[in-house]
Amino acid sequence: MSSDSFIPVFAHRGASAYALENTLKAFEKALELRADGIELDIQLSKEGIPVVYHDLQLSRLVGINKLVNECTIEELVSFKLGKPWRRLFSTYRISTFEIVLAWANSQQLPLNIELKSTILDNKSALIQMLQGLTLPEGSHFSSFHYELLEIVKQYKPDYETALIVTKKLKWDLLSDYKAIDSVHMHKRYYKPRYLEACVASDKACRFYAIDGNEPFLTNPHPSVIGWITDYPDKVIAKQQR
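In the working numbering, the protein residues as written are -1 to 239.
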């Protein structure tokens, strides 16, 4: 494969195999490993401020049995993050989207911004976030929730939107999803019927849960425009062979 035909590699929650997911350290590590972009997750605080965090619950990484959107921004940024036995001494913290966006813009590192379900309860916060928003070139929004991507297209029609595939998706109706440009799929969907459905409906696709060992990395289908991985270095190395 020639160097100009490499598929862009997005680091999943940052280089999350090497640093704690969705933290500035993980994003900086992704940049160091020469990822082409980073994937991150957006939840909302109690006030509707976007923060970078994956789970609805804080229990896994904070050890508190509360929902993200039950906490104020002041509480959220004060929590120590990490595995239970490391959390006490952790320097990892939840970041606001504003801080991560400023960093990404300074590096011109594209973002794959996944809009999580807390936003369904506060769509006005999403609209506020979109107004005046400037992203690094090559950035896009993704979500399991089509109605959130419709809002993105309404307020920022020039930004790419991607629907994350679930079992419920009716593939024969993919072209009816007018508010999306692409689909994001688990690598188990890397099969002719799904790839051909993307082509037929004029949608591009990206695949996640990529680990660098997949044989299709060296000869990707023409509809593929991105890989999403915890191991950006391994996927980049595989593509360069």
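Backbone N, C-alpha and C fix where the C-beta goes; we use that ideal spot for every residue, glycine too.
Determine the direct distance from the alpha carbon of residue j to that of residue i, and round the result to whole angstroms.
{"i": "TRP225", "j": "ILE125", "result": "28 Å"}
{"i": "ALA100", "j": "LEU109", "result": "12 Å"}
{"i": "PRO6", "j": "THR164", "result": "23 Å"}
{"i": "SER1", "j": "GLN238", "result": "Low confidence applies to SER1: its pLDDT is 39, below 50, so where it sits in the model is not reliable, and the reading given next is rough at best. Spanning the two alpha carbons is a distance of roughly 7 Å."}
{"i": "LEU74", "j": "VAL60", "result": "10 Å"}
{"i": "SER43", "j": "SER76", "result": "13 Å"}
{"i": "LEU97", "j": "PRO134", "result": "Sequence check: residue 97 is Ile here, not Leu. Rounded to the nearest angstrom, the two C-alpha atoms are 14 Å apart."}
{"i": "SER93", "j": "TYR51", "result": "8 Å"}
{"i": "PRO230", "j": "PHE4", "result": "13 Å"}
{"i": "ALA33", "j": "LYS232", "result": "10 Å"}
{"i": "SER122", "j": "ILE111", "result": "17 Å"}
{"i": "GLU19", "j": "LEU54", "result": "15 Å"}
{"i": "PRO220", "j": "ASN63", "result": "45 Å"}
{"i": "TYR90", "j": "SER199", "result": "42 Å"}
{"i": "ILE234", "j": "ASN217", "result": "13 Å"}
{"i": "PHE87", "j": "TRP169", "result": "47 Å"}
Please look up how many angstroms separate the CB atoms of residue i and residue j, rounded, as I've assumed it's under 8 Å.
{"i": "ILE208", "j": "LYS185", "result": "6 Å"}
{"i": "LEU31", "j": "ALA13", "result": "5 Å"}
{"i": "LEU278", "j": "LEU118", "result": "As displayed, the chain neither begins before -1 nor continues past 239, which places residue 278 out of reach and without an answer."}
{"i": "PHE95", "j": "VAL49", "result": "6 Å"}
{"i": "SER137", "j": "HIS182", "result": "No, SER137 and HIS182 are not in contact; Cβ-Cβ is about 14 Å, not under 8 Å."}
Over what stretch of residues does the beta strand (DSSP E) that includes residue i continue unbroken?
{"i": "PHE8", "result": "7 to 10"}
{"i": "SER122", "result": "Per DSSP, SER122 belongs to no beta strand (DSSP E); it is in the alpha helix (DSSP H), 121 to 128."}
{"i": "PRO48", "result": "48 to 50"}
{"i": "TYR206", "result": "202 to 208"}
{"i": "PHE139", "result": "138 to 141"}
{"i": "GLN41", "result": "35 to 42"}
{"i": "ALA160", "result": "158 to 162"}
{"i": "GLU112", "result": "109 to 113"}
{"i": "SER180", "result": "180 to 184"}
Are residue i and residue j close, meaning C-beta to C-beta below 7 Å?
{"i": "ILE223", "j": "ALA195", "result": "no"}
{"i": "LEU113", "j": "ILE40", "result": "yes"}
{"i": "PHE205", "j": "TYR188", "result": "yes"}
{"i": "GLU158", "j": "ASP179", "result": "yes"}
{"i": "ALA9", "j": "ILE36", "result": "yes"}
Could you tell me the boundaries of the alpha helix (DSSP H) in which residue i lies?
{"i": "ALA198", "result": "190 to 198"}
{"i": "SER57", "result": "57 to 60"}
Are the segment 62 to 77 and the segment 24 to 38 in contact at 8 Å, needing three or more beta carbon pairs?
They do not touch, by the three-pair rule.
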